[in-house]
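From first to last, the protein sequence lines stand for chains F and V.
The numbers in my numbering rise by one with no breaks, and the one at position 291 of the first sequence is 291.
My numbering runs 1000 ahead of the 1-based position in the second sequence.
All residues carry an ideal CB built from backbone N, CA and C; glycine is no exception.
Structure first, then comments.
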Amino acid sequence: MTLDLTLGSLITLAWVLTTVACVVMGVLVVAVKSERHLGQLNRERRLAPLRTDVLLVATGEDTEDGEALARLTAVTGRARRDLHGLVVQLLGKVRGEPAEQLVDLLRAHGALRDAARRTGSLLPSRRVRGLHLIGCSRDLDGLDAAITALGDRSRRVRSQAVRTVGQVGDPRAARPLLHALRRDGVHLGDAAEALVGMGYGISPALLWALEEGHPRACTVAAHLCGIGGVRAAAPLLVTLLESHDDPTVAAAAATALGKVGRPQDAGALSAATLHFFPFEVRHAAIEALGELGVEVAVPVLTRHLGDPSSQVAEAAASSLIALGPRGRRAVVERELVPAAGTALALARLKGVLV
Amino acid sequence: MVHDVLELVFALTAPLILTYFVLINTSYLALVLISAVEFRGHMDRKDTRRDQIPGELAPGVSVIVPAYNEEALIVSSVRALLALRYPQHEVVVVDDGSTDGTLATLVDAFDLVDVPSHHPGEIPVRATVHGVLVPRNGRTRLVVVSKDNSGRSETINVGVNTAREPLVALIDADSILEPDALVRVTQSFIDDPARVVAAGGTVRAINGSTVSNGRIVRLQMPRSWLARAQVVEYLRSFLIGRTGWASMGTLLLISGAFGVYRRDVVIEAGGLDPDSIGEDFELCLRVHKMMRDRGREYRVVFVPEPVCWTEVPSTRAVLRRQRSRWHRGLWETLWAYRSMLFRRRYGRIGWVGLPYYWLFELLAPLIEAGGLILVPLGVAFGVVNVQYAVVLLFVSYGYAIFVTLAAMCAEEWAFHRYDRWRDLGIAVAAAVFENFGYRQMTVLWRLEGWWASLRGKKQVWGVMTRAGFEEEAA
């Protein structure tokens, strides 16, 4: 009797628990969707009367007296918060005076002051939002806060800080940003984008990073020296190619040397094509020799037409074709070598050769 | 006599079966919770991050498309792949000796011409390669390779040999990638180029949706309950399961429908095994083994955002073949790599990932089938208390429904791909439906696959009959 009662209770308990848990979870799914759906509807409803004015300002069609801007400045309550969201979205799309007016609107509402204050918040999500607003509005006053945030304890905050300093675009942030690459949470791609956003003033910071030798910073710096044409970096790039342990860094240095290297750097690049170098370094060096454009590389590249790696062999053939008449002659003479034949066929289709 | 035997069997197995169901569902729930934490990062980024851009450091990607009798879809698929938003990618289509007009359609559509000679490549292949073709304009980054029919694995190996970029994206010919899928999936390779060797992306079911020129224009739940059950199943196992495993550093499977590998690593591993029926699982495990045997630091990551849409089987016959093949591949691969179990060298892979796959993936249908047979028998012979059977039913299926709803909740919170309320209602209903009928069928089919392998029966891939998705009228 006792056992039956226990089993009966167990069944009831299992039934109740399972049913309640499933119903609660089902309701939760609906609640999540409802919250998003209703939130969106309410936001749309509050923004509807403001959209025309926002568009007038964003397209530079506001009156000379700035009537639309004045109406937007007078917005209060929850609509103001929604308006800030809309303005931030538009800031990524407009430039010039309309963008400045939209930033003025945020400033007038105290949003930028709040953003700077939020960067000191205890909550990472608030710090991220503060930095995001500073970045979108390209607020120079917030740059120091963003630079400080590059060393934040939270990964998410550091990651946002990188994008913020890139959007603000002041080269003062270049060196702290390259230094921040030592820590996790700073995406290499974001860092490169941010540095590109800072313009040519970053060259000294790039050279510092190449000298300093940290692999992640070196990779980004080498790449940007190449695409930015920082010719002063060539000696440092040769050193990295010859002596850095990390193949990613050595490959980035080789690629950059192809763009900003000197004729005498062909020796270092040729040495890097030898078989004991990692694949990515050899491949990058062979492509770089073609880009560097010195005919002295022809014998080295010709040797690699029969490389066991199809990518290396094809890169050698393409580089030879890029080197001019002597290189092309070397490829034509070896047309029966698969990589040479493929490269010649592609070059003829592209109209590089006839 | 029968009564006594049954009583003994049941006394031995009943607690095990109950415990097993509690454990397996609890492990799924744990994966949902781990994934929810991962998705939180996604939520943070959503409000604050501009659209992800390929960026200055984006590595080149060769998208490898194995094609066998794909005449109807191949041109729109290739056009969509060529139009992916990425600065440096090529599309390599390998025609696996199609008997329809796949190759001729491609030649016509892209004005292909033969390249006279080609490098044999690093991965040895048995099949004869007949030719390599490229567009006459010399600009469109498309390469079409024609070869004898020799199966999907060899076809992909030929594609890897032909690829000219450092990363290779392995996809199916009928897969539809979201326009920024490559941008997102390569972010890990950009950030950690030395260590990240492979990345998987989420695969979702496209049935019922409307497609135009290789792009999804209207996303809807499928019309058949069979496909609807697979939608929630994919959500639970692809999006939630793999996100959870990847965050623990134990992602063992990157789907063949969409995975990105470093080309040099695939070559070093020897390419896909043409004799394996679970070639995607096998390759991923081989990469893990190779990297750990050589003592190299590496990462295999999963990115929940890049979505690959694929058509799931909509008939029982095709689904049966697929599940049978999947389970056979799972068994054969786990058996082949049994030496990795509980070895210190293989770390979490050997101590957590593989034992989990043995216990909760491979043995699951066997134990579930045991429960399905023993419990009704026990009830019929009066050995099993009916109340126990009811408890087991609630614990196994009720808990499973709860876990699926939790996975749906996490998806709705972070991604909410299905916009319509109707689709949400259908998905909730499918979460219940899959436990009554669908699940039991797949248990049977998975056991069939396992049994066929144990008997040494030759595996044939069979034909995936595609119902096709709705193409928007021009």
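For this session: Kindly indicate which residue of V:Ile1156, V:Ala1198 and V:Gly1449 has the alpha-carbon position closest to the one of Val1145 (chain V).
Result: V:Ile1156
For this session: Taking only the alpha-carbon atoms, compute the straight-line gap between Leu122 (chain F) and Ala145 (chain F) and give it to the nearest angstrom.
Result: 14 Å
Exercise. Alpha helix (DSSP H) containing Val285 (chain F): first to last residue?
Worked result: Reading off the sequence, residue 285 (chain F) comes out as Ala, not Val. Ala285 (chain F) -> alpha helix (DSSP H) spans Phe279 to Leu292.
Exercise. By a C-beta neighbour count over all protein chains shown, 10 Å radius and 16 as the cutoff for buried, is Met1248 (chain V) buried or exposed?
Worked result: exposed
For this session: With DSSP collapsed to three states, give me the class of Ile1267 (chain V).
Result: helix
For this session: Step through the CB atoms of chain F and report whether any lies within less than 8 Å of the CB of Ala1194 (chain V).
Result: yes
Exercise. Does at least one heavy atom of the ligand FMN sit under 7 Å from the Cβ of His1119 (chain V)?
Worked result: Among the components modelled here there is no ligand, and therefore nothing to report on the ligand FMN.
For this session: Assuming Val1158 (chain V) contacts Tyr1298 (chain V) (C-beta within less than 8 Å), just tell me the rounded distance between them.
Result: Their Cβ separation, rounded to whole angstroms, is 25 Å, which puts Val1158 (chain V) and Tyr1298 (chain V) out of contact at 8 Å.
Exercise. What residues from chain V crowd round Asp246 (chain F), counting only those whose CB sits closer than 7 Å?
Worked result: Ala1194
Exercise. So which of V:Glu1305, V:Ile1240, V:Ile1254 and V:Leu1018 has the shortest CA-CA distance to Cys1284 (chain V)?
Worked result: V:Ile1254
Exercise. Is the Cβ of Arg1136 (chain V) closer than 8 Å to any Cβ of chain F?
Worked result: yes
Exercise. Which residues of chain V have a Cβ atom closer than 7 Å to the Cβ of Leu10 (chain F), listed in chain order?
Worked result: Val1391
Problem set entry | Alpha-carbon to alpha-carbon, Ala316 (chain F) and Pro308 (chain F) | 12 Å
For this session: Give me the Cα-Cα distance between Gly151 (chain F) and Leu188 (chain F), rounded to the nearest whole angstrom.
Result: 15 Å
Exercise. His275 (chain F) lies in the beta strand (DSSP E); which residues open and close that run?
Worked result: Where His275 (chain F) is concerned, there is no enclosing beta strand (DSSP E), given that its DSSP letter is neither H nor E.
Exercise. Of the choices F:Ala191, F:Leu210, F:Val186 and F:Ala173, whose alpha-carbon is the least far from that of Gly201 (chain F)?
Worked result: F:Ala173
For this session: Look at the alpha carbon of Tyr1397 (chain V) and the alpha carbon of Ala14 (chain F), and state the distance between them as a whole number of angstroms.
Result: 12 Å
For this session: Give a yes or no on whether the minimum CB-CB distance between Val1168 (chain V) and chain F is below 8 Å.
Result: no
Exercise. Any idea which residues DSSP pairs Arg158 (chain F) with across the strands?
Worked result: According to DSSP, Arg158 (chain F) bridges with nothing at all.
For this session: Output, in chain order, the set of chain V residues within a Cβ distance shorter than 8 Å of Lys33 (chain F).
Result: Glu1412, His1416, Trp1421 and Leu1424
For this session: Pull up the distance between the alpha-carbon of Gly1244 (chain V) and that of Leu1251 (chain V), whole angstroms please.
Result: 8 Å
Exercise. Given Ala297 (chain F), which residues of its chain have a CB within under 7 Å of its CB, disregarding the five upstream and five downstream residues?
Worked result: Ala266, Ser270, Leu289 and Leu323
For this session: Can you give me, in chain order, the residues of the segment 1230-1255 of chain V that have a beta carbon less than 8 Å from any beta carbon in chain F?
Result: none
Exercise. Arg1050 (chain V) by DSSP, collapsed to three states: which one?
Worked result: Unreliable placement is indicated for Arg1050 (chain V), whose pLDDT of 46 sits below 50; the coordinate value is still reported in the next sentence. Of the three classes helix, strand and coil, the one that applies to Arg1050 (chain V) here is coil, per DSSP.
For this session: Under the assumption that Ala222 (chain F) contacts Ala191 (chain F) (Cβ atoms under 8 Å), give the Cβ distance between them as a whole number of angstroms.
Result: Incorrect: roughly 13 Å between the Cβ atoms, too far for contact.
For this session: Taking the CB atoms as reference points, tell me whether Val1094 (chain V) and Leu1081 (chain V) lie closer together than 8 Å.
Result: no
Problem set entry | Bridge-paired residues (DSSP) for Gly1259 (chain V) | V:Leu1170 and V:Gly1200
For this session: Check each candidate in V:Asn1385, V:Gly1200 and V:Glu1282 and name the one with the smallest Cα separation from Ala1011 (chain V).
Result: V:Asn1385
Exercise. Using the rule of at least 16 other Cβ atoms within 10 Å of the residue's Cβ for burial, across every protein chain shown, is Arg36 (chain F) buried or exposed?
Worked result: exposed
Exercise. Taking C-alpha atoms, which residue in F:Gly166, F:Arg158 and F:Val196 lies nearest to Ala180 (chain F)?
Worked result: F:Arg158
For this session: Give me the Cβ distance between Ile1017 (chain V) and Ile1367 (chain V), rounded to the nearest whole Å; I'm assuming they're in contact under 8 Å.
Result: 6 Å
For this session: For the beta strand (DSSP E) containing Ala1058 (chain V), list its first residue and its last residue.
Result: Ala1058 (chain V) -> no beta strand (DSSP E), and no H or E assigned at all.
For this session: Assign Asp246 (chain F) to one of three DSSP states: helix, strand, or coil.
Result: coil
For this session: Apply the 10 Å Cβ neighbour rule to Asp1419 (chain V) and answer buried if 16 or more other Cβ atoms are within range, or exposed otherwise.
Result: exposed
For this session: Look up Phe1508 (chain V) in the DSSP assignment and say whether it is helix, strand or coil.
Result: Here chain V comprises residues numbered 1001 to 1474, so residue 1508 (chain V) is not present and cannot be evaluated.
Exercise. In angstroms, rounded to a whole number, what distance separates the CA positions of Arg1050 (chain V) and Leu50 (chain F)?
Worked result: Residue confidence is low: Arg1050 (chain V) scores 46 on pLDDT, short of 50, so the model does not pin down where it sits. Its coordinate-derived value is still stated next. Answer to the nearest angstrom: the Cα atoms are 24 Å apart.
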